[in-house]
Every structure is written in structure tokens, then in C-alpha cells.
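Student: Let me begin by handing over the structure; questions about it come next.
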Amino acid sequence: MASKFTELAIDCADPHRLARFWCAVLGYEVQHREEPSGTGDAGGAGGAEEGPFVSIGSPLLPEGRERPGPVPPTLTFARVPEGKTVKNRLHIDVNPTDRDQAEEVRRLLDLGARHADVGQGDDVSWVTLTDPEGNEFCVLATRCP
């Protein structure tokens, strides 16, 4: 039997802010957040008083890793004291589902993404962006409904 890709863990300064961004990008929802007391309560409105961990996932498959076969991965955001210092060696690629690439890039920029130059050149089919904490990701050209 092979392993199943169920989660991607992302270290960050503000897990709640990144969770809100990626929920908007992917159409995900918060599945779990750890409050400072460690209660796991799903409350909280954002800010430094919130807990160190947030997990988001697809509302279409809330059972996530318990479901047989492939599933959309959960993203987990964990607060860490150190900041990002170099280009990520692993990144997320996204495909637009209901618009073309240029429209999707505009939407993501409006959500807080920024253009990034990681040496990709001008003649590539993808657009490299960063999330609000500088983590690189790419918007691919192919629409995948």
C-alpha cells in the first residue's frame, strides 16, 4: 500500500491571516483552529491573541483523510518565531476553475497576493505570486473546472 497525501503544513507568522487568504483562494473553510488555551474552539476573530494553529480544507469533502482514495489536501498553518528568508523549495500550483488565468491573477492580487520574480523568465505559461507572507505559488494557465 502507498501513502496518501492528506496535508501540507505551512510555517508562518500569522496562521489566521494566511488561513483566511488560502480559504478565499481555494474555496476552503476552516476545519480546526487551536486557541491560546489549547481548547481547539473554532471561535476567534483574528489577531495576535489567537492560537498558533489553523487547519483548512475542502467543504466538499469534510471527512478529508478518512475518505478512501485521493482527497484535496488540508492546509495547516502553524505560527513559528522565525520569518521566511529564502525561496521555497516546495510550492503550491493552482488552476483557475471558472475564469481565465489573467482574471484569476487579478482576483488573487485583490485578495493580497503579490507578483514574484523567482527567475522564471518572461516566456512561461504560469504566473508566480506570493501569499501575504511571501510564500511563492503559481497560477497555471489551464482552467480545471
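Taking this note's numbering, the leading residue of the sequence shown gets 46, the next gets one more, and so forth.
Heads up, the beta-carbon is just placed ideally off N, CA and C, and yes, glycines get one too.
Computed from a predicted structure; not experimentally measured.
(1) Mapping DSSP to helix, strand and coil, what is His136?
(2) Would you mind sorting Val163 into buried or exposed? The rule is 16 or more other CB atoms within 10 Å of its CB.
(3) What span of residues does the beta strand (DSSP E) with Ala123 cover, start to end?
(4) How is Arg188 classed by DSSP in three states: helix, strand or coil?
(5) Given this structure, state the Cα-to-Cα distance separating Gly114 from Thr51, to the nearest angstrom.
(6) Which residue from Leu106, Thr173 and Gly109 puts its Cα closest to that of His136?
(7) Taking DSSP as the reference, what is the three-state secondary structure of Gln165?
(8) Is Pro190 buried or exposed, if buried means 16 or more other CB atoms sit within 10 Å of its CB?
(9) Which of helix, strand or coil does DSSP assign to Leu156?
(10) Assuming Leu185 contacts Val139 under a Cβ cut-off of 8 Å, what Cβ separation, rounded to an integer in Å, is found between them?
Tutor: So, from the data block:
(1) For the purposes of this step, residue 136 is taken as the residue at position 91 of the sequence shown. Note: His136 maps to coil in three-state DSSP.
(2) Residue mapping note: residue 163 aligns to position 118 of the sequence shown, counting from 1. Exposed: under 16 other Cβ atoms inside 10 Å.
(3) By 1-based counting over the sequence shown, the position of residue 123 is 78. The continuous beta strand (DSSP E) containing Ala123 extends over residues Thr119 to Arg124.
(4) Indexing the sequence shown from 1 puts residue 188 at position 143. Note: Arg188 maps to coil in three-state DSSP.
(5) Position 69 of the sequence shown, counting from 1, holds the residue named residue 114. Position 6 of the sequence shown, counting from 1, holds the residue named residue 51. Their Cα atoms are separated by approximately 10 Å.
(6) Residue mapping note: residue 136 aligns to position 91 of the sequence shown, counting from 1. Cα-wise, what sits closest to His136 is Thr173.
(7) Walking along the sequence shown from the start, residue 165 turns up at place 120. Three-state DSSP puts Gln165 in coil, outside helix and strand.
(8) Here the question's residue 190 lines up with position 145 in the sequence shown. Here Pro190 is exposed. Its C-beta has fewer than 16 other C-beta atoms within 10 Å.
(9) By 1-based counting over the sequence shown, the position of residue 156 is 111. Here Leu156 sits in helix by DSSP.
(10) Within the sequence shown, residue 185 is the residue found at index 140, counting from 1. Within the sequence shown, residue 139 is the residue found at index 94, counting from 1. Correct: roughly 7 Å between the Cβ atoms.
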